[in-house]
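Peer 1: Next up is a structure, given as structure tokens.
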Amino acid sequence: MKTVDTIADDIVAREGGYVNDPDDPGGPTKYGVTLATMKRLGLDLTGDKRITKDDVRRLSKAKAKDIFIERYYRAPGIDLLPESLQASVFDMYVNAGSNAVKILQRLINDMGQNIVVDGLIGPQTVQAARVADATAPSHLTDAYGIARRNYYYSLADRRIASRKYARRLDGGKGGWIKRAEEFISARYHLSDQEHAKRVAAWG
Numbered sequence: 537m538k539t540v541d542t543i544a545d546d547i548v549a550r551e552g553g554y555v556n557d558p559d560d561p562g563g564p565t566k567y568g569v570t571l572a573t574m575k576r577l578g579l580d581l582t583g584d585k586r587i588t589k590d591d592v593r594r595l596s597k598a599k600a601k602d603i604f605i606e607r608y609y610r611a612p613g614i615d616l617l618p619e620s621l622q623a624s625v626f627d628m629y630v631n632a633g634s635n636a637v638k639i640l641q642r643l644i645n646d647m648g649q650n651i652v653v654d655g656l657i658g659p660q661t662v663q664a665a666r667v668a669d670a671t672a673p674s675h676l677t678d679a680y681g682i683a684r685r686n687y688y689y690s691l692a693d694r695r696i697a698s699r700k701y702a703r704r705l706d707g708g709k710g711g712w713i714k715r716a717e718e719f720i721s722a723r724y725h726l727s728d729q730e731h732a733k734r735v736a737a738w739g
């Protein structure tokens, strides 16, 4: 099982350096940390009493890693979930915030439990996740990863500007889909043909 430090290192490496994609609602981003996050945390790295894209550019890998572990792993309570889920939920929380938890809560409800889908990891969600993990220990992680992949496809269905993150220019799997499948057993990965069929309606 990967440690939280290793998972955070993987996220930083996967997110890459500074980008300011006009189609990304997060705006200026470095190592996956957005300008909005830096403003919320008061990270004035330039010392000019303003937090702008220049501060994002100055963000170090080490600082980004610290932010992820403290704000996206420990603060929301992902460390309380079964270990089998932590890596994928943590990775998605960095990418999609509380939607990562809502997907888990809906999945747990689909498995026969009845918890509130609010995106918060409280005692009820922790207990329900532990029961679900004990009930299907070899399947819950894959089920979560598949639900995560479906979320990305559905998001791209609704938002045309986001489709480039789910489908490459050559029609292959985009970064969102490949990222989700890193946490899914190979036997549940979509084939190129299945992916093409899923996105065919996008034109």
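The letter at position 60 of the sequence shown is residue 596 when you use our numbering, and the numbering goes up by one with no holes. Every residue gets a Cβ at the ideal spot worked out from N, C-alpha and C, and that includes glycine.
For the putative contact between D615 and Y608, defined by C-beta atoms under 8 Å, what is the C-beta separation to the nearest angstrom?
Peer 2: Within the sequence shown, numbered from 1, the residue matching residue 615 stands at position 79. Within the sequence shown, numbered from 1, the residue matching residue 608 stands at position 72. With 8 Å as the limit, D615 and Y608 do not qualify as a contact, their Cβ atoms being about 11 Å apart.
Peer 1: Helix, strand or coil for T582? Go by DSSP, reduced to three states.
Peer 2: The residue labelled residue 582 in the question sits at position 46 within the sequence shown. In this structure, T582 counts as coil in the three-state DSSP scheme.
Peer 1: Please confirm whether K599 and I587 have their CB atoms less than 8 Å apart.
Peer 2: The sequence position of residue 599 within the sequence shown is 63, counting from 1. The sequence position of residue 587 within the sequence shown is 51, counting from 1. No; because the gap between Cβ atoms is not below 8 Å, this pair is not in contact.
Peer 1: Starting from the C-beta of A697, find all residues in its chain whose C-beta is less than 7 Å away, skip the five residues before and the five after it, and write them out in chain order.
Peer 2: Within the sequence shown, the letter at position 161 stands for residue 697. Excluding positions up to five away in sequence, the list reads D559.
Peer 1: When you compare only the Cα positions, how much space is there between L726 and D584?
Peer 2: The residue labelled residue 726 in the question sits at position 190 within the sequence shown. The residue labelled residue 584 in the question sits at position 48 within the sequence shown. Answer to the nearest angstrom: the Cα atoms are 48 Å apart.
Peer 1: Using only alpha-carbon positions, find the residue among D546, R550, V548, T570 that is nearest to D557.
Peer 2: Your numbering for residue 557 matches position 21 in the sequence shown. Closest by alpha carbon: T570.
Peer 1: L617 lies in the alpha helix (DSSP H); which residues open and close that run?
Peer 2: Counted from its first residue, the sequence shown places residue 617 at position 81. Unbroken run through L617: none, as it is neither H nor E.
Peer 1: CB-CB under 8 Å to G648, same chain, minus the five flanking residues each way: which ones, in chain order?
Peer 2: Walking along the sequence shown from the start, residue 648 turns up at place 112. Counting only Cβ-Cβ distances below 8 Å, and skipping sequence neighbours, we find nothing.
Peer 1: Within the 8 Å Cβ cut-off, does T573 reach chain D?
Peer 2: No chain D appears in the structure shown, which is made up of a single protein chain.
Peer 1: Distance check for T671 and R699, CA to CA, integer angstroms please.
Peer 2: Position 163 of the sequence shown, counted from the start, is the residue given in the question as residue 699. Position 135 of the sequence shown, counted from the start, is the residue given in the question as residue 671. Roughly 35 Å separates the two Cα atoms.
Peer 1: Going by alpha carbons, who is nearest to Q622 out of T539, A736, A737?
Peer 2: Indexing the sequence shown from 1 puts residue 622 at position 86. Ranking T539, A736, A737 by Cα distance to Q622 puts T539 first.
Peer 1: Could you tell me the alpha carbon to alpha carbon distance between D541 and S690, rounded to whole angstroms?
Peer 2: Here residue 541 corresponds to residue number 5 of the sequence shown, with the count starting at 1. Here residue 690 corresponds to residue number 154 of the sequence shown, with the count starting at 1. Distance between the alpha carbons of D541 and S690 is about 31 Å.
Peer 1: Would you give the residue range spanned by the alpha helix (DSSP H) that P659 belongs to?
Peer 2: Counted from its first residue, the sequence shown places residue 659 at position 123. Element bounds for P659: 659-671.
Peer 1: Just to confirm before moving on: does the CB-CB distance between V735 and A683 stay below 8 Å?
Peer 2: Start at 1 with the first residue of the sequence shown, and residue 735 comes out as number 199. Start at 1 with the first residue of the sequence shown, and residue 683 comes out as number 147. No, the Cβ-Cβ distance between V735 and A683 is not below 8 Å.
Peer 1: Do Y567 and K589 have their C-beta atoms within less than 8 Å of each other?
Peer 2: The sequence position of residue 567 within the sequence shown is 31, counting from 1. The sequence position of residue 589 within the sequence shown is 53, counting from 1. No, the Cβ-Cβ distance between Y567 and K589 is not below 8 Å.
Peer 1: Measuring alpha carbon to alpha carbon, tell me which residue in R550, A668, E730 is nearest R715.
Peer 2: In the sequence shown, the residue the question calls residue 715 occupies position 179. Nearest option by C-alpha distance: R550.
Peer 1: By Cβ distance below 7 Å, which residues in the same chain neighbour Y724 in space, the five residues on each side in sequence not counted?
Peer 2: For the purposes of this step, residue 724 is taken as residue 188 along the sequence shown, with counting starting at 1. Within the same chain, Y724 has close Cβ partners D678, I682.
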